[in-house]
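Have a look at the structure below before the remarks.
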């Protein structure tokens, strides 16, 4: 284990090929302000440069209680949060949210900006913007609907409901049920897969259903997989009946 990044309340470690990023702001239930969003973005950028999969979690009993209400009306905070969320979706490596407890407001946004979500029994999802006179940005609404469908989006945004992990899993918001160890174990499996293929898959899935089959950049990324050394390594490993060792080239 090696510490990669440490600032304010964001700590990042490398566990093999997996980067683990933790929000450590116990007293405020891991709520985010401008500085924390900036540091979280820096931590995931560092992790993406040295890891093949990233896990984001909260320290203690809360994943993220949302935005710090003292700064939520600050445009700079909102812009930085939005930039963080979109960047998570753009990173070339898969990002797993290990939702260890309540993910409220910006906490739910953070979870859905990740590619995959593993939820512990204590996890809860809620977006109580209507109770505060606030609003979710259009990108997050679109992302939520794409992941879990209109029914759950309406339940969270219009019904202002709190959703438990069982319901979230049944409706597709959560991909697996389990604790941080389960998330790290899954991330280790993903980190062992072909990096170019994982990057292409992430890009193509994020673009659907509006993905243009003729998009030259997307097609170039697909053909790069077929022409890569990793594709040849996958072929050799299959013939030799061994696990492949992918190098991302």
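Numbering (my numbering), first residue to last: 292 to 540.
For each residue, glycine too, the CB sits at the ideal point set by N, CA and C.
| Check | Outcome |
| --- | --- |
| Classify residue 369 as buried or exposed, calling it buried when 16 or more other Cβ atoms lie within 10 Å of its own Cβ. | buried |
| Which ranges does the alpha helix (DSSP H) cover as unbroken runs of at least 4 residues, wholly within the stretch 369-451, from first to last along the chain? | 397-404, 420-423 and 429-448 |
| How about residue 388 and residue 347: are their beta carbons less than 8 Å apart? | yes |
| Suppose you measure from the CA of residue 480 to the CA of residue 406; what does that come to, to the nearest Å? | 15 Å |
| Which of helix, strand or coil does DSSP assign to residue 540? | coil |
| Could you spell out where the beta strand (DSSP E) holding residue 302 opens and where it closes? | 301-306 |
| Give the list of continuous alpha helix (DSSP H) stretches no shorter than 4 residues that lie fully inside the stretch 463-528. | 471-482, 486-498 and 507-517 |
| Under 8 Å, with one C-beta from each stretch per pair, do the stretch 389-400 and the stretch 354-364 reach the 3-pair mark? | yes |
| Among the residues of its own chain, which have a CB less than 8 Å from the CB of residue 292, if the five just before and after it don't count? | Bear in mind that the predicted position of residue 292 carries a pLDDT of just 49, short of 50, making it too unreliable to give a figure here. |
| What residue range is occupied by the uninterrupted alpha helix (DSSP H) comprising residue 309? | Unbroken run through residue 309 is the beta strand (DSSP E), 309-314; no alpha helix (DSSP H). |
| Under the three-state reduction of DSSP, which class applies to residue 293: helix, strand or coil? | Note that residue 293 scores a pLDDT of 49, beneath 50, so its modelled location is shaky and nothing firm can be said. |
| Given a threshold of 16 other Cβ atoms within 10 Å of its Cβ, counted over all protein chains shown, does residue 324 qualify as buried or as exposed? | buried |
| Would DSSP call residue 341 helix, strand or coil? | helix |
| Quick one: what's got a C-beta closer than 8 Å to residue 522's C-beta in the same chain, skipping five residues either side? | 485 and 516 |
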